[in-house]
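*Asks:* If you read the sequences in order, they're chains A and B.
Letter 117 of the first sequence, counting from 1, is numbered 117 in our numbering, and no numbers are missing.
Letter 170 of the second sequence, counting from 1, is numbered 170 in our numbering, and no numbers are missing.
Backbone N, C-alpha and C define an ideal beta-carbon position, used for all residues, glycine too.
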Amino acid sequence: MPDIKVTPLGAGQDVGRSCLLLTMGGKNIMLDCGMHMGYNDERRFPDFSYINPDGPITSYIDCVIISHFHLDHCGALPYMSEMVGYNGPIYMTHPTKAIAPILLEDMRKVSVERKGEQNFFTSQMIKDCMKKVIAVTLHQSVMVDNDLEIKAYYAGHVLGAGMFWVRVGNQSIVYTGDYNMTPDRHLGAAWIDKCRPDLLISESTYATTIRDSKRCRERDFLKKVHECVDRGGKVLIPVFALGRAQELCILLETYWERMNLKAPVYFALGLTDKANNYYKMFITWTNQKIRKTFVQRNMFDFKHIKPFDRQFIDNPGPMVVFATPGMLHAGLSLQIFKKWAPCENNMVIMPGFCVQGTVGNQILNGAKKIEFENRQIIEVKMSVEYMSFSAHADAKGIMQLIQYCEPTNVMLVHGEAEKMEFLKEKIKEEFNINCFNPANGETCVINTPVKIPLDVSLSLLKAEAKKFNMLPPNPERRRVLHGVLVMKDNTHCLMDVEDACKEVGINRHIIRFTSTVYLNDSGPPLSTAKKLHQLLEEKLSQWSVTISDVEVSVESVIVKVEGDENEQKSIFVSWTNQDEDLGSYILELLSSMAK
Amino acid sequence: MKLYCLSNDPNKPCHILTFNEITMMLDCGLSMQSVLNFLPLPFVATNRLLNLPTWMPNDVVDADLEGELKENCDRVFVDSPLEFCPPLDKLINFAQVDVILISNYLCMMALPFITEGTGFQGRVYATEPTLQIGRLLLEELVIYIEQCPKAGFATQWKNFVHKLPYPINEAFKPKSWKQIYNMANVNASLSRIQMVGYNEKIDVYGALQVVPASSGFCLGSSNWIITTDYEKIVYLSGSSTLTTHPRPMDHNSLKNADVLIMTDLTQTPISNPDSMLGVLCVVVGMTLRGGGNVLIPCYPTGVVYDLFECLSLKMADLGVANCPMFFVSPVADMSLAYSNILAEWLSSVKQNKVYIPDEPFPHGMLVKSNKLKHFKHIYSDGFSTDFQEPCVVFCGHPSLRFGDAVQFVEMWGNNPRNCIVFTEPDFDYIEALAPYQPLQMKVAHCAIDTSLNFTQANKLIKELKPTTLVVPECYTKPPAGAPNLTELVIDSTPERTVIPYKWGEVINLPLKRKQGKVYIENDVAKQVHPVEIKPGTFLSTITGNFNVKDNIYNVKELKPTSDIGPRNINYEWGSINLSELMAKLSKEGINDAKLDNTANGYVIHLQEKDALIHLDEKNTHVLCNSDENLRSRLRTILMQCLKKF
Ligand SMILES: [Zn+2]
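#1: Rounded to whole angstroms, what is the Cα-Cα separation between GLU128(B) and VAL196(B)?
#2: On the three-pair Cβ rule with 8 Å, is the region 140-147 of chain B touching the region 61-69 of chain B?
#3: Which same chain residues, not among the five before or five after ALA594(A), have their C-beta less than 7 Å away from its C-beta?
#4: Shortest alpha-carbon distance to MET30(A) belongs to which of HIS36(A), HIS139(A), ARG17(A) and ASP455(A)?
#5: Does the distance from the CB of ALA154(B) to the CB of VAL78(B) come in under 7 Å?
#6: If the cut is a Cβ gap below 8 Å, which residues of chain A does LEU101(B) touch?
#7: Report yes if the C-beta of HIS414(A) is less than 6 Å from at least one heavy atom of ligand 1; otherwise report no.
#8: Would you kindly work out how many angstroms separate the C-alpha atoms of CYS310(B) and VAL331(B), rounded to a whole number?
#9: Could you compute how far the alpha carbon of ASN8(B) sits from the alpha carbon of VAL470(B)?
#10: Fully enclosed by the region 112-162 of chain A, which alpha helix (DSSP H) runs are 4 residues long or longer?
#11: Give the list of continuous beta strand (DSSP E) stretches no shorter than 3 residues that lie fully inside the region 224-308 of chain A.
#12: Is ASP106(A) near ligand 1, judged by its Cβ being under 6 Å from some heavy atom?
#13: Can you pull out the residues from the region 519-553 of chain B whose beta carbon lies closer than 8 Å to at least one beta carbon of chain A?
#14: Check whether the Cβ of HIS70(A) lies closer than 6 Å to any heavy atom of ligand 1, and answer yes or no.
#15: Looking at ligand 1, does it come within less than 6 Å of ASP178(A), judged from the CB to the closest heavy atom?
#16: Compute the distance between the beta-carbons of SER333(A) and PRO183(A), then report whether it is under 7 Å.
#17: Rounded to whole angstroms, what is the Cα-Cα separation between ASP333(B) and GLN267(B)?
#18: What residue range does the beta strand (DSSP E) around ASP455(A) cover?
#19: Mapping DSSP to helix, strand and coil, what is GLY352(A)?
#20: Which residues of chain B have a Cβ atom closer than 8 Å to the Cβ of HIS139(A), listed in chain order?
#21: Can you tell me which residues form a DSSP beta bridge with ALA126(B)?
#22: Between the region 186-202 of chain A and the region 226-236 of chain A, can you find at least three pairs of beta-carbon atoms closer than 8 Å?
#23: Pop quiz: PHE408(B) and PHE375(B) are said to be a contact at Cβ under 8 Å. What is the actual Cβ separation, rounded to whole angstroms?
#24: If the cut-off is 9 Å on Cβ atoms, which residues from the region 505-517 of chain A count as contacting chain B, listed in chain order?
#25: Roughly how many whole angstroms lie between the Cα atoms of ASN272(B) and LYS132(A)?
#26: Could you tell me which chain A residues have their CB closer than 7 Å to the CB of SER575(B), listed as they occur along the chain?
#27: Going by CA-CA distance only, name the one from ASN93(B), GLU410(B) and ARG401(B) that's closest to SER80(B).
#28: Can you tell me whether GLY206(B) is buried or exposed, with buried defined as 16 or more other CB within 10 angstroms of its CB?
#29: Looking at chain B, is there any beta carbon in it that lies within less than 7 Å of the beta carbon of HIS482(A)?
#30: Looking at the C-beta of ALA161(A), does it have a partner C-beta in chain B at a distance below 7 Å?
#31: Whose CA, out of LEU41(B), GLN96(B) and GLN515(B), lies closest to the CA of MET24(B)?
#32: Determine the direct distance from the alpha carbon of MET315(B) to that of ASN87(A), and round the result to whole angstroms.
#33: Please work out which residues of its chain come closer than 7 Å, Cβ to Cβ, to GLY290(B), disregarding the five sequence neighbours upstream and downstream, and give them in chain order.
#34: Would DSSP call ILE558(A) helix, strand or coil?
#35: With DSSP as the reference, label GLN527(B) as helix, strand or coil.
#36: Do you know how far the Cα of ALA337(B) is from the Cα of GLN296(A)?
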């Protein structure tokens with residue numbers, strides 16, 4: 001099967017709800033299983049009825065791969081495995097396996113207990129789902145079955161984020177999930193080797209951004225926070241508990257220390273302590289600097305950052321609060337936002353991307369009034385700042401990754417349609433390769449060259465090499481492999497014709513032709529032979545023409561000069577049937593000279 | 001394929017394997033048995049050691065030798081900076097080594113000797129724990145040696161080895177011994193290591209693939225699978241089938257090798273690690289209850305993690321929980337910290353703890369509750385104030401020739417209530433204690449070696465089914481000290497060839513590659529037209545444009561060119577039926593063909609055209625002057641009379 005088929009169930013020309021179906025060499029693989037944070041109805045999960053309209057999908061899917069713990073990549077996993085029905089293997093890295101269930105439970109609580117949503121998965125379902133997870137280590141080659149192999153690469157982005165290489169037979173793809181190509185305060189940069197996949201499926205959240213230097217953005221962030229607390233304002237930073245939060249905490253912690261600031265900094269309790277523990281134990285997944293110093297100083301023990309209590313919301317005076325979730329769609333961060341939004345001294349800093357339908361998305365689009373389900377209307381007078389700290393690859397990073405792994409095709413997902421178009425053209429132009437960006441539900445078919453592995457006798461390879469190396473170097477010359485494929489007893493092997501005949505027990509029958517041309521050329525036969533050698537070398541530049549005494553040979557063709565000093569020479573041209581082209585060509589050449 | 005053996009100690013292995021034009025070093029262990037011949041290096045010089053009498057061979061008068069040898073309790077020791085026995089460097093130039101594979105952190109102590117100052121330019125592969133923990137061991141060794149500098153380098157004694165008493169007269173190749181490397185060498189050497197994960201496929205210059213597989217022996221320990229498309233060689237070093245803290249051994253990937261090289265089996269073949277651990281707990285409990293201290297000379301990693309866990313529980317049971325455990329090593333803090341961040345390399349029980357999230361080992365908790373206290377040295381800040389007796393002290397070095405253990409033996413040696421417990425299997429405990437005799441303290445020998453014993457190894461070999469088995473010679477015969485224990489050998493069976501090797505040998509391993517692999521593209525595959533020669537046997541010629549990149553052979557379609565070039569061709573086979581040929585000739589209007597017999601066949605003379613066709617079983621030769629028309633008609637007829645593929 002020379003095709004690779006990819007159908008996005010989510011994240012096709014869209015951000016959020018990442019879920020792709022990959023079909024390759026007869027295997028079906030689900031890449032990520034995310035939810036959309038902006039919806040409260042059935043649109044929040046991918047449409048699994050696409051796979052099987054009548055229920056369970058175990059028999060349709062060979063394995064599921066989860067790239068990292070963000071809910072837009074794993075949020076629908078318990079729904080898919082426990083409610084739709086899937087009992088096959090689910091692969092993810094160790095940190096993802098550790099952290100994902102916590103975020104899933106956190107989200108479940110917000111959705112069911114606070115928003116009263118129905119038809120949601122239960123805590124037990126999360127546990128049952130996680131039992132199906134097989135944790136993988138970076139670069140480990142995992143054989144899902146005899147034909148399907150997967151391998152994880154470091155993706156940066158968040159703790160434990162992986163890019164996955166998937167191979168079936170000779171076909172392979174790389175799925176990036178979310179990644180970033182520049183190291184940040186706690187994570188390293190994504191890395192991949194020259195694995196030359198047939199298809200690279202890359203996220204493109206920041207498809208058109210070439211982000212300004214990270215240091216500038218950090219300075220900008222600190223300046224804004226500092227100015228706000230100086231004027232007595234309150235700063236709300238909605239974050240996800242793991243990932244960006246740790247990086248910003250390190251940033252504020254060192255700044256507070258250096259500037260000797262007194263305004264309190266809080267981190268909304270819940271996941272914090274645990275989160276930092278995960279960072280401690282999976283320190284091998286963080287960047288070089290943190291790994292080197294972790295024995296002396298744990299970067300995740302903060303001196304200035306204290307746990308937050310709900311009662312502090314109404315405290316007078318300046319403060320900085322990190323609260324979850326990051327897109328202001330529910331929970332504590334939304335609660336604090338409602339309280340603080342009407343005061344113009346306050347500030348909210350959105351450190352990451354917000355999907356459509358969330359409050360975060362609305363205020364970033366400049367909304368000055370937000371209406372909530374219960375008709376409550378909140379006026380937004382506080383200043384709203386967007387700081388892109390999200391560790392996604394920008395256009396430059398995406399191009400860099402393409403350069404690293406040298407794919408033959410690229411597919412862009414997890415981005416906005418118009419931005420993708422821009423990048424798509426750029427990729428086609430720069431790398432001269434195909435680039436696709438299918439919409440949700442749209443199947444993209446990628447043709448791949450088929451390569452069939454064949455056993456070959458070493459003596460055949462050696463004979464070819466010997467022959468090739470004997471010829472004078474000529475970059476024009478093509479190397480040619482010729483042999484006979486012997487197929488018997490379910491084995492096959494390419495070998496030299498003589499060996500092949502011996503192997504199957506038959507005798508070759510060699511047909512040889514000898515024709516004679518009479519040529520007028522005075523002088524000894526040797527000089528005629530030399531002339532003929534020169535002529536043939538000229539005419540047959542791709543071939544090796546040799547001379548020995550009065551015999552000139554090319555392959556099996558022998559040209560022999562006979563006669564004495566007299567003018568007329570008999571030229572015998574002889575060749576086997578296999579060299580009919582060459583033999584008859586030479587014969588014709590000599591005949592035309594004789595005329 | 002050749003195997004060179006560069007180490008005299010099967011438990012500190014070092015081999016060279018040459019295969020498919022790649023020169024590969026398998027492990028680079030450093031034998032430290034040499035240090036037992038030297039006097040201990042105390043941090044604070046003791047009068048006892050300073051005042052040991054000088055020893056001279058009876059009939060020798062040599063001023064240079066004077067003072068190099070000291071005597072204690074009928075044993076002779078060299079009074080000099082310590083020396084080690086690095087891998088043999090005479091058989092191979094280390095600059096030619098392309099790749100070094102390291103199985104575990106105990107098999108890499110010679111790495112700086114191999115890679116630094118030798119012109120070595122190859123790659124070194126090891127797992128992350130092997131690198132991180134190996135670094136701790138190398139650093140500890142260098143710090144221990146450098147903290148006790150010793151003037152006066154003894155050299156003359158090496159010329160009189162044959163005149164020295166046992167056991168120093170049996171010292172192995174003392175003239176090749178070297179002083180230890182420095183920290184700069186350690187750092188330079190370790191910076192060459194590329195970290196790899198279990199089951200990661202590593203391409204070696206396109207010629208070979210190597211894959212590390214978990215060996216169950218210690219954190220990050222691995223066996224190596226070396227393959228081409230057609231051959232499989234397995235190198236099995238320190239391995240364990242017991243359940244302790246590391247990831248269990250991966251058997252499956254080791255099966256059906258053409259060659260299995262097996263080394264680093266247990267050093268305590270007759271004792272069982274579990275019962276030894278039991279004895280150790282009892283000894284520690286009794287000593288502490290009797291008011292005595294326990295000294296456990298050890299490496300700063302490995303079984304000590306299990307000992308902390310096990311002893312802390314046992315001490316609570318025995319009511320001595322208030323006695324502290326001290327872990328003294330220049331790398332103690334690093335060792336405790338690293339062991340708790342390598343969850344991916346641990347047994348599933350330990351691994352599952354991080355999902356809670358709890359630390360995989362309890363020693364973090366033991367440190368918090370002050371049950372386990374760690375210090376870099378005994379002279380570190382805080383040690384003397386925290387020090388409290390009775391207690392248990394874990395510290396290096398197990399040879400008792402250097403490290404803080406030297407100080408503890410001197411301090412506690414003359415009190416019979418104290419006890420020294422030997423848990424590391426690398427050194428003979430009687431030899432280790434020899435320079436300290438006479439001693440009053442109790443001595444317990446509880447060597448815990450979790451690596452394969454002979455029963456386990458033989459069972460494993462049966463399961464793995466290698467065609468050829470290669471083992472150190474000493475594994476093919478019973479131990480020298482117990483010739484009647486014939487069960488302590490690797491079984492030889494008719495099913496496989498067993499090849500023994502020993503130090504300094506180069507052996508040929510039977511492996512002859514007959515096949516390679518090419519990849520043909522679809523267009524080439526489409527041109528394959530199999531012809532059934534006999535039932536179930538097919539032949540087809542294949543011709544294609546051949547290109548080679550990174551040792552991968554691709555065959556593409558041969559695009560036709562304007563001038564005369566190579567193209568796919570077919571072959572005729574079988575023999576010509578004469579009457580069929582004659583009939584076809586006449587059908588073509590050639591009626592003057594005259595048939596004659598020759599020595600081995602026939603000749604047909606076409607009289608009008610004066611053309612000849614010579615025929616026999618396997619050949620047909622057409623001679624027809626320059627009549628191309630006739631020739632081409634004859635060619636068509638002949639080809640109709642023959643089968644082809
Ligand atoms: Zn993400």
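*Replies:* So, from the listed chains and residues:
#1: As the crow flies, the alpha-carbon of GLU128(B) is around 7 Å from that of VAL196(B).
#2: Taking one beta carbon from each stretch, the region 140-147 of chain B and the region 61-69 of chain B have fewer than 3 pairs nearer than 8 Å; the two do not touch.
#3: Same-chain partners within the cutoff: VAL517, TYR518 and LEU519.
#4: Ranking the options by Cα distance to MET30(A), first place goes to ARG17(A).
#5: Contact: yes.
#6: Neighbourhood of LEU101(B) in chain A, by CB distance below 8 Å: empty, with the nearest CB roughly 16 Å away.
#7: Taking 6 Å as the cut-off, one finds no heavy atom of ligand 1 near enough to the beta carbon of HIS414(A).
#8: Cα-Cα distance, rounded: 22 Å.
#9: Distance between the alpha carbons of ASN8(B) and VAL470(B) is about 16 Å.
#10: The region 112-162 of chain A contains these whole alpha helix (DSSP H) runs: 123-131.
#11: Whole beta strand (DSSP E) segments, 3+ residues: 234-238, 265-268 and 305-308.
#12: False, no ligand heavy atom lies under 6 Å from that Cβ.
#13: Taking 8 Å as the Cβ-Cβ cut-off against chain A, the residues of the region 519-553 of chain B that qualify are TYR519, ILE520, GLU521, ASN522, ALA525, VAL528, PRO530, ILE533, LYS534, GLY536, THR537, PHE538, LEU539, SER540, THR541, ILE542, THR543, GLY544, ASN545, PHE546, ASN547, VAL548 and TYR553.
#14: Yes; taking the cut-off as 6 Å, the Cβ of HIS70(A) has a heavy atom of ligand 1 nearer than that.
#15: Yes, the Cβ of ASP178(A) comes within 6 Å of a heavy atom of ligand 1.
#16: Contact flag unset, no.
#17: Straight-line measurement puts the Cα of GLN267(B) at about 29 Å from the Cα of ASP333(B).
#18: Counting along the chain, the beta strand (DSSP E) containing ASP455(A) begins and ends at 451-457.
#19: Reduced to three states, the DSSP call for GLY352(A) is coil.
#20: By Cβ distance, chain B contributes VAL196, GLY197 and GLU200.
#21: Looking at the DSSP output, ALA126(B) shares a beta bridge with MET195(B).
#22: Three or more Cβ pairs closer than 8 Å define a contact, and the region 226-236 of chain A falls short of that threshold against the region 186-202 of chain A.
#23: The pair is not a contact, with the Cβ atoms about 13 Å apart (cut-off 8 Å).
#24: Per Cβ criterion, the list reads GLY505, ILE506, ASN507, ARG508, HIS509, ILE510, ILE511, ARG512, PHE513, THR514, SER515, THR516 and VAL517.
#25: Taking the straight line from one Cα to the other gives about 37 Å.
#26: Residues of chain A passing the Cβ test: HIS509.
#27: The residue with the shortest Cα to Cα distance from SER80(B) is ARG401(B).
#28: Here GLY206(B) is exposed: its Cβ has fewer than 16 other Cβ atoms, across all protein chains shown, within 10 Å.
#29: Closer than 7 Å to some Cβ of chain B, the Cβ of HIS482(A) qualifies, so yes.
#30: So no, ALA161(A) is outside the interface.
#31: It is GLN96(B) whose Cα lies nearest to the Cα of MET24(B).
#32: If I take the Cα positions, the gap works out to 46 Å.
#33: Hits under 7 Å: ARG417.
#34: In this structure, ILE558(A) counts as strand in the three-state DSSP scheme.
#35: Judged by DSSP in its simplified three-state form, GLN527(B) adopts coil rather than helix or strand.
#36: Approximately 10 Å between the Cα atoms of the pair.
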